[in-house]
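A quick write-up on the structure given underneath.
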Amino acid sequence: MKIGAHVSAAGSLALAPERAQAIGCECFQFFSRSPQGGRASVITPEMAQEFKLNMKLHQQSNCYIHGPYYINFASLNNRIYYGSINVIREELARGSSLGVKYLMFHPGSYKESGPDKGLELVCDGLEKVLEGYKGKTELLIEMSAGAGKVVGDTYEEIDKIINSKKLKKYKLGICFDTAHAYASGYDLASKKAVEKTFADFDKILGLKNLKLIHANDSKVELNAKRDRHEHIGQGHIGTIGFQAIVDFATQQNIDLILETPADDTRQQDLKILKKMRDKK
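Take 414 as the starting number for the sequence shown in my numbering and just add one per residue.
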């Protein structure tokens, strides 16, 4: 199991591996395009080769792309809906050219469509994304924080997507975000709580589908339904909870990616998680 963080790819995607190593990452996550919108830069064969060389040079085991924030597969607006399909398909192709292992994304919000129609739209859209896709980057649904009317904040809702008739054959994976899960009512603040939360995950979704964990403490209390990340040990999950999370991730060989506040303390977060993993 490796530990890393989200890093900037501003200026050139090929700079991301060096930036990851500089703060102590063993793996990392990045945006391959602006998360807020706009046209993506072209990934030339030369850029892809430089990126892969830098992965080796800077000793990064794996890398992951986070999809842009404006994606909404549950939207009734055709421009947003079909734009989301096109962007995620493009991101899968971009990831494949760079040798990226996983692309994770938030399915969106059913504020306009309602939960039933929203889930139907999500499944239809993802089928369009994955139909005929032959690349190597795998697509992961990221668990949401339960804020507003977001899609994918419960195990049951994610199950309705990944095991739907249209999508089951594609074997979609899951990215589990600790802060999002905690804010959605899944307790992670003690060893017993962590064991139960992941036992329930296994029962409903199957641990074989858990591919990546975003390691973030939570500024808000259990089941607060708000997405607020905090530094490791400074939030409501705390160090006891994170020790159990790290132990679980180590046993399952699932990488941890930090998305704690992007300040100087994130480097300390990496050290804390490594110490938990490497304890004697």
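Yeah, the Cβ is synthetic: ideal placement off N, Cα and C, and Gly gets one too. As the structure is a prediction and not an experimental result, all values here were calculated from the model.
Roughly how many angstroms separate the alpha carbons of residue i and residue j, rounded to a whole number?
{"i": "residue 681", "j": "residue 665", "result": "24 Å"}
{"i": "residue 446", "j": "residue 482", "result": "11 Å"}
{"i": "residue 521", "j": "residue 593", "result": "14 Å"}
{"i": "residue 597", "j": "residue 567", "result": "7 Å"}
{"i": "residue 444", "j": "residue 517", "result": "10 Å"}
{"i": "residue 607", "j": "residue 628", "result": "13 Å"}
{"i": "residue 573", "j": "residue 454", "result": "34 Å"}
{"i": "residue 460", "j": "residue 467", "result": "10 Å"}
{"i": "residue 458", "j": "residue 510", "result": "8 Å"}
{"i": "residue 570", "j": "residue 619", "result": "14 Å"}
{"i": "residue 600", "j": "residue 683", "result": "22 Å"}
{"i": "residue 678", "j": "residue 448", "result": "23 Å"}
{"i": "residue 417", "j": "residue 439", "result": "5 Å"}
{"i": "residue 659", "j": "residue 646", "result": "13 Å"}
{"i": "residue 544", "j": "residue 501", "result": "12 Å"}
{"i": "residue 356", "j": "residue 542", "result": "Nothing about residue 356 can be read from this structure; the chain reaches only from 414 to 693."}
Among the options, which one has its Cα closest to the Cα of residue i?
{"i": "residue 617", "options": "576, 635, 497", "result": "576"}
{"i": "residue 434", "options": "531, 517, 501, 415", "result": "415"}
{"i": "residue 551", "options": "453, 515, 478", "result": "515"}
{"i": "residue 640", "options": "493, 474, 555, 679", "result": "555"}
{"i": "residue 529", "options": "581, 427, 615, 489", "result": "489"}
May I ask you to report which of helix, strand or coil DSSP gives residue i?
{"i": "residue 463", "result": "helix"}
{"i": "residue 510", "result": "helix"}
{"i": "residue 551", "result": "strand"}
{"i": "residue 618", "result": "coil"}
{"i": "residue 607", "result": "helix"}
{"i": "residue 538", "result": "helix"}
{"i": "residue 597", "result": "coil"}
{"i": "residue 486", "result": "coil"}
{"i": "residue 623", "result": "strand"}
{"i": "residue 522", "result": "strand"}
{"i": "residue 643", "result": "strand"}
{"i": "residue 692", "result": "coil"}
{"i": "residue 360", "result": "The displayed coordinates of the chain run from 414 to 693. Any statement about residue 360 would go beyond what the structure contains."}
{"i": "residue 423", "result": "coil"}
Near residue i, which residues of its chain fall below 6 Å by C-beta distance, leaving aside the five closest residues on each side in sequence?
{"i": "residue 476", "result": "441, 513"}
{"i": "residue 649", "result": "631, 634"}
{"i": "residue 429", "result": "420, 422, 443"}
{"i": "residue 662", "result": "414, 626, 669"}
Going by DSSP, which residues form a beta bridge with residue i?
{"i": "residue 418", "result": "441, 671"}
{"i": "residue 517", "result": "479, 553"}
{"i": "residue 628", "result": "671"}
{"i": "residue 589", "result": "626"}
{"i": "residue 563", "result": "522"}
Can you give me the Cβ contacts of residue i inside the same chain, cut-off strictly under 8 Å, excluding the 5 residues immediately before and after it?
{"i": "residue 537", "result": "579"}
{"i": "residue 603", "result": "653, 654, 657"}
Beta-carbon of residue i versus every beta-carbon of chain C: anything under 8 Å?
{"i": "residue 523", "result": "Considering every chain present, this structure includes no chain C. It has just one protein chain."}
Starting from the C-beta of residue i, find all residues in its chain whose C-beta is less than 7 Å away, skip the five residues before and the five after it, and write them out in chain order.
{"i": "residue 487", "result": "520, 521, 522, 523, 526, 531, 534, 535, 564"}
{"i": "residue 672", "result": "419, 627, 629, 642"}
{"i": "residue 561", "result": "522, 524"}
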